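Protein sequence lines correspond, in order, to chains A and B.
If you number the first sequence the way our numbering does, the last residue is 154 and the count never jumps.
If you number the second sequence the way our numbering does, the last residue is 337 and the count never jumps.
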Amino acid sequence: MQIAARRLDQVTIFDITGHIDLANSPELRKALLKELRETKTPRVILNLTGVRYIDSSGVASLVEGLKAARDEGLRFILYGLSPAAREVLQLSRLIKIFDVVDDEQQALA
Amino acid sequence: MQKRSLLLDMVLVSDPRLLCVVRAAVERLTEVTGFTPPECRSITRAVDEAVANVIRHAYGGQPDRRIDLSCKRITAAVNGEQREGLEIQLLDKGLPFDRSKLTARSLDEVKPGGLGLHFIRDSMDIMEHRQVKGVNRLRLVKYLSADGSGPEHQGE
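So this is what it looks like as structure tokens:
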């Protein structure tokens, strides 16, 4: 997994690529919580277009990010879900709690 | 009566960086065994979650412990009908499986964690666990549909 951050005015976009699993989900969790709890960026967007696999520990990291955003009154948006990523979020029934949009334009709107 | 023939036998250490190797092997194996693409993804996810559980819970994150993974083609009688399928067995010598966790958490709860077991149960037809002489044995089985392709996902 690779994480790259693009910082715009009041917005951070994380471009995530590869597989999110037990080996690297702590890294994702750390990056998200730092951005949300310390930097307190008003809108944090995750570009998951390049994510081919996500396991339960990756989903748990996303849930922690969402909870941190709610605690801080920030927005946490996902876009570009691959069929595999969407399948996992649907299977966990957590897709309904996330703010999921189709593309970056919608995430920035 | 069940018939079994070995397809794949792997020994790996409990290093989470090897999960991608397990997924790659299992996904290819499910493809050649005849499962549909959604079933291949689903079985691969179940095995990935099962190995991750061994790494995290049985071995407490120690990265150098042994895990045995074997996959067999099986033929078994299911409801009076002969069915072919894939049997996956995981062996480890870590802490015993916590039976209180055999009930996956409610999906109505919004909280991190506890999803792995749900993913495994959802994906497989059989999930059995037992411990014999200090060895944890997890057996997972997924049957092919009667016509050799997935009944629920035709055309996907």
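Glycine included, each C-beta is placed from N, C-alpha and C at the ideal position.
As the structure is a prediction and not an experimental result, all values here were calculated from the model.
Determine the chain A residues that contact alanine 206 (chain B) at a beta-carbon separation under 8 Å, and present them in chain order.
Under the 8 Å cutoff, chain A gives no residues; its nearest Cβ is about 14 Å from alanine 206 (chain B).
Taking Cβ-Cβ distances below 9 Å as the criterion, which residues of the segment 85-116 of chain A are in contact with chain B?
Tyr98, Asp100, Ser101, Ser102, Val104, Ala105, Ser106, Leu107, Val108, Glu109, Leu111 and Lys112
Per DSSP, which one or two residues make a beta bridge with alanine 257 (chain B)?
B:Arg264
Less than 8 Å between the CB atoms is what I'm expecting for alanine 239 (chain B) and leucine 276 (chain B), so what's the real figure, rounded?
Confirmed, Cβ separation roughly 5 Å.
Relative to the C-alpha of glycine 243 (chain B), which candidate in B:Met191, B:Val235 and B:Arg185 has its C-alpha closest?
Per the sequence presented here, residue 243 (chain B) reads as glutamine, with glycine not at that position. Selected option, being the one with the closest Cα: B:Val235.
Could you tell me whether the Cβ of alanine 76 (chain A) comes closer than 8 Å to any Cβ of chain B?
Residue-level contact check: alanine 76 (chain A) does not touch chain B, since none of the beta carbons of chain B fall below 8 Å from its beta carbon.
Do the segment 138-146 of chain A and the segment 193-203 of chain B touch if we need at least three Cβ pairs shorter than 8 Å?
no
Let me know if lysine 23 (chain A) comes out buried or exposed under the rule of 16 or more other beta-carbons within 10 Å of its beta-carbon.
Residue 23 (chain A) falls outside the range modelled here, since chain A spans only 46 to 154, and no answer is possible.
Flag serine 127 (chain A) as yes if its beta-carbon sits less than 8 Å from any beta-carbon of chain B, otherwise no.
Interface annotation, serine 127 (chain A): not in contact with chain B, CB-CB separation never under 8 Å.
Only counting the same chain, and skipping five residues up and downstream in sequence, which positions put a Cβ closer than 6 Å to that of leucine 134 (chain A)?
Ile140
Please state if the CB of isoleucine 58 (chain A) and the CB of glycine 103 (chain A) are separated by a distance shorter than 8 Å.
Taking 8 Å as the Cβ cut-off, glycine 103 (chain A) and isoleucine 58 (chain A) do not qualify as a contacting pair.
Return no unless some Cβ of chain A is closer than 8 Å to the Cβ of glutamate 230 (chain B).
Residue-level contact by beta carbon holds for glutamate 230 (chain B) and chain A, with a gap shorter than 8 Å.
What are the residues of the segment 131-143 of chain A that lie near chain B, defined by any Cβ-Cβ distance shorter than 9 Å?
For the segment 131-143 of chain A, the residues whose beta carbon sits under 9 Å from a beta carbon of chain B are, in order, Glu132, Val133, Leu136, Ser137, Arg138, Leu139 and Ile142.
Can you check DSSP and say which residues form a bridge with phenylalanine 42 (chain A)?
Any question about residue 42 (chain A) goes unanswered here, given that chain A covers just 46 to 154.
State yes or no: is the C-beta of glycine 297 (chain B) within less than 8 Å of the C-beta of glutamate 220 (chain B)?
Glycine 297 (chain B) is not a Cβ neighbour of glutamate 220 (chain B), given a cutoff of 8 Å.
Using DSSP with H/G/I as helix, E/B as strand and the rest coil, what is asparagine 317 (chain B)?
Note: asparagine 317 (chain B) maps to strand in three-state DSSP.
As a quick exercise: from B:Arg246, B:Arg226 and B:Arg209, pick the residue whose alpha carbon is nearest that of histidine 299 (chain B).
Nearest C-alpha to histidine 299 (chain B) among B:Arg246, B:Arg226 and B:Arg209: B:Arg226.
If contact means a Cβ-Cβ distance below 9 Å, which residues of the segment 193-222 of chain B contact chain A?
Asp196, Pro197, Arg198, Leu199, Leu200, Cys201, Arg204, Pro219 and Arg222
Alpha carbon to alpha carbon, how far is threonine 214 (chain B) from valine 259 (chain B)? Give it in angstroms, no decimals.
19 Å
Are the C-beta of leucine 67 (chain A) and some C-beta of chain B separated by less than 8 Å?
yes
Roughly how many angstroms separate the alpha carbons of glycine 336 (chain B) and threonine 217 (chain B), rounded to a whole number?
Per-residue confidence for glycine 336 (chain B) stands at a pLDDT of 36, beneath the threshold of 50, marking its modelled position as unreliable; the derived number appears in the next sentence. Cα-Cα distance, rounded: 9 Å.
Could you please give the first and the last residue of the uninterrupted alpha helix (DSSP H) stretch that includes lysine 75 (chain A)?
Segment 70-78, the alpha helix (DSSP H) holding lysine 75 (chain A).
Identify the contact partners of arginine 237 (chain B) in chain A, using a Cβ-Cβ distance below 9 Å as the criterion.
Leu67 and Ser102
Count the other C-beta atoms from every protein chain shown that fall within 10 angstroms of the C-beta of glycine 315 (chain B), then say buried if there are 16 or more, exposed otherwise.
exposed
From the beta carbon of alanine 227 (chain B), is the nearest beta carbon of chain A less than 8 Å away?
no
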